[in-house]
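2 protein chains.
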Amino acid sequence: MTQARAVHGIDDSPRGRLLSAAAQLFRDKGYERTTVRDIAAVVGIQSGSIFHHFKTKEEILFAVMEEVIHFNTERLRAAIAAEDRPVERLRALVRAELTAIVGDTSEAMTVLVTEWRCLNADKQREALALRDIYEQLWLDVLADLHKEGRFRADPFIMRRLITGMTGWTHNWFDQSRSLSVEGLADLIVDRVVGEESEEGAA
Amino acid sequence: MTQARAVHGIDDSPRGRLLSAAAQLFRDKGYERTTVRDIAAVVGIQSGSIFHHFKTKEEILFAVMEEVIHFNTERLRAAIAAEDRPVERLRALVRAELTAIVGDTSEAMTVLVTEWRCLNADKQREALALRDIYEQLWLDVLADLHKEGRFRADPFIMRRLITGMTGWTHNWFDQSRSLSVEGLADLIVDRVVGEESEEGAA
DNA sequence: AACACTACCAAGCAAGCGCTTGGTATGTAA
DNA sequence: TTACATACCAAGCGCTTGCTTGGTAGTGTT
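Protein sequence lines correspond, in order, to chains E and C. When we follow my numbering, the leftmost residue of the first sequence carries the number 19, and every step to the right adds one. When we follow my numbering, the leftmost residue of the second sequence carries the number 19, and every step to the right adds one.
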């Protein structure tokens, strides 16, 4: 009953508290190694009581993924809407994704990346559909940049390279250290459009 | 008893066949979802017989990781030795790592990346020590490039970005498609040292 | 002939797992 | 007052899991 940190975008209803606890445990121990008894213990209820809120353990995993995709898709939309120029939109996207992965939704985002195959085929397809919407926001911005001639590679490939760079950060990035999310975002943007892009890039 | 594809660098002794089978299953279903009965079934023996070759299931996972790190560390050494100039050494390293991840040791490499936390603390430390040797080969080459002024970022950070890019490929790269390992390697090298590096980069 | 070694089988145990069941306490609304 | 919904407890069922045990067959080696 140590109570897990709330994942941003998940309310603190009984259900929401279960989801935040599950997200943290799934990230730390993995879905399979986490028992429903573990989750119940964190929020301070009996293991059987979990099934009043969710039909199955897998439904908990899916709910975590669903909530975090929805929340961060909206964050991407806001990031794009706040900028006009494609390069700055890209920078905003990278910042948003980094914040999602190492910041306020890190537990759930990590679960989304690492526990994908624990879902059955149907739920995987459902989650993939949500993910496609998220990815399309990236692809549109990258296509604009490509049209402007800011990079040569295929935008699809470029997105995958970016996904790799941002997705891996949960394994090493520490916000308390010298490198900030903004600094890292600039570094990653440079990998896409080159270093000599801006007025005095320094 | 469908017999798993042999992982490059693992012999075909009874033990080796178990390791190749385990690597494939661990990649496809994850360590926890794979039972010793699954592994036994692939090589065509009883589940109990596995424990004649390995003390525990975890020892199988560790052995897979150990073998694949050793094999690919040697591959990195060979790649470096075959080139003189730092940029070409980097290209050789990227090619080697991509080959490891999507080519002849893909099952075991994927397991190395994704099933890390299934090891207990002691084994994790042991595996980390092996990984450090592997990583040092990268860092030396990246430090040379950095000294030459081929990129501005911290070599440690740069290595982590590269790790992300290469490590993620197992989720999307398909050798049978238009993009080759060499083509992808060139793309990634460009992300590090910029596109206008060589004589007619195309 | 005697022994040792490797590679395996057949059977099953103890523990842990997801999930079920039948019930209780509290709140809310007609 | 009755009715229903939400949120939970206490107990435990049935199954799967990693692993153990005691034994056997085949191959060398001395």
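Glycine included, C-beta positions come from ideal geometry on N, C-alpha and C. All of these numbers come straight from a predicted model, not from anything done at the bench.
Sub-7 Å separation of C:Ile-78 and C:Phe-72 beta-carbons: Locating residue 78 of chain C in the second sequence gives position 60, counting from the first residue. Locating residue 72 of chain C in the second sequence gives position 54, counting from the first residue. A contact, by the Cβ cut-off of 7 Å.
Residue-chain proximity (C:Trp-190, chain E), Cβ-Cβ < 7 Å: Numbered from 1 along the second sequence, position 172 holds the residue referred to as residue 190 of chain C. Any Cβ of chain E closer than 7 Å to the Cβ of C:Trp-190 would place that residue at the interface, and such an atom is present.
Under 7 Å by beta carbon: chain C residues contacting E:Met-183: For the purposes of this step, residue 183 of chain E is taken as residue 165 along the first sequence, with counting starting at 1. Correct list: Leu-179, Gly-182 and Met-183.
Three-state class that DSSP yields for E:Glu-85 in the structure shown: Sequence index remark: in the first sequence, residue 85 of chain E carries index 67 (1-based). E:Glu-85: helix per DSSP, three-state reduction.
Listed by chain order, chain C residues near E:Arg-51 by CB distance under 7 Å: In the first sequence, counting from the first residue as 1, residue 51 of chain E sits at position 33. Chain-ordered, the chain C residues with CB closer than 7 Å to the CB of E:Arg-51 read Glu-50.
Chain-ordered neighbours of C:Leu-197 on chain E, where CB pairs are closer than 9 Å: Counting from 1 along the second sequence, the entry for residue 197 of chain C is found at position 179. Under the 9 Å cutoff, chain E gives Asp-172 and Ile-175.
C-alpha distance - E:Ala-171 paired with C:Gln-193, whole-angstrom precision: The count along the first sequence starts at 1 and reaches residue 171 of chain E at position 153. The count along the second sequence starts at 1 and reaches residue 193 of chain C at position 175. Rounded to whole angstroms, E:Ala-171 to C:Gln-193 spans 17 Å at the Cα level.
Cβ-Cβ distance between E:Glu-89 and E:Gly-27 below 7 Å: Taking the first sequence and counting its residues from 1, one reaches residue 89 of chain E at position 71. Taking the first sequence and counting its residues from 1, one reaches residue 27 of chain E at position 9. According to the sequence as given, residue 89 of chain E is Phe; it is not Glu. Yes, the Cβ-Cβ distance between E:Phe-89 and E:Gly-27 is below 7 Å.
Residue of E:Arg-168, E:Trp-156 and E:His-188 minimising C-alpha distance to E:Phe-174: What you label residue 174 of chain E is simply residue 156 of the first sequence in a count that begins at 1. Closest by alpha carbon: E:Trp-156.
DSSP-derived helix/strand/coil call for E:Ser-194: As a position in the first sequence, residue 194 of chain E is number 176, starting the count at 1. In the structure shown, E:Ser-194 sits in coil (DSSP, three-state: anything other than H, G, I, E or B).
Below-7 Å beta-carbon distance, E:Trp-156 vs any chain C residue: To locate residue 156 of chain E, count along the first sequence from 1; it is residue 138. No, its Cβ sits nowhere closer than 7 Å to a Cβ of chain C.
Under 7 Å from the C-beta of E:Arg-209: neighbouring residues of chain C: In the first sequence, the residue the question calls residue 209 of chain E occupies position 191. Neighbours of E:Arg-209 on chain C, chain order: Leu-179 and Arg-209.
Under 8 Å (Cβ pairs) to chain C, residues found in the stretch 118 to 145 of chain E: Here the close residues are Thr-132, Arg-135 and Cys-136.
Cutoff 7 Å: E:Val-205 Cβ touching any chain C Cβ: By 1-based counting over the first sequence, the position of residue 205 of chain E is 187. The amino acid at residue 205 of chain E is misidentified as Val; the sequence shows Leu. Yes, E:Leu-205 counts as interfacial toward chain C.
Assigned exposure category for C:Phe-69 - 16 Cβ within 10 Å defines buried: Looking up residue 69 of chain C in the second sequence gives position 51. Classified as exposed, C:Phe-69 has fewer than 16 neighbouring CB atoms from the shown chains inside 10 Å of its CB.
Contact belief for E:Val-82 with E:Ala-118 at Cβ below 8 Å, rounded distance in angstroms: Counted from its first residue, the first sequence places residue 82 of chain E at position 64. Counted from its first residue, the first sequence places residue 118 of chain E at position 100. About 13 Å; that fails the 8 Å criterion.
The stretch 146 to 162 of chain C contacting the stretch 102 to 116 of chain C, beta-carbon criterion three pairs below 8 Å: Inter-segment contact for the stretch 146 to 162 of chain C and the stretch 102 to 116 of chain C is present: three or more beta-carbon pairs are separated by less than 8 Å.
Counted within 10 angstroms of its Cβ, other Cβ atoms place E:Ser-38 as buried (16 or more) or exposed: The count along the first sequence starts at 1 and reaches residue 38 of chain E at position 20. Label assigned to E:Ser-38: buried.
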